[in-house]
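First the structure, in the form of structure tokens, and then the observations on it.
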Amino acid sequence: MENNDNKFGFVGFAETWNGRLAMLGFVIGVATEFMTGQGILSQIGLM
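This note's numbering applies: residue 13 is where the sequence shown begins, and numbers increase by one.
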């Protein structure tokens, strides 16, 4: 097993956190749409 203490680049640690933050952003976006009744694009003024 390789000891990889690197926290930057395409390493497992960084990819795990990237996935977790992406899931959190998606859930927050869906919850915001549900609470306001507006889509994300209309909330930021693009539609």
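For each residue, glycine too, the CB sits at the ideal point set by N, CA and C.
- For Q55, the uninterrupted alpha helix (DSSP H) segment begins and ends at 52-55.
- Counted as a single uninterrupted DSSP element, the alpha helix (DSSP H) harbouring M47 occupies residues 24-48.
- Note that the C-beta distance between L53 and M59 is below 8 Å.
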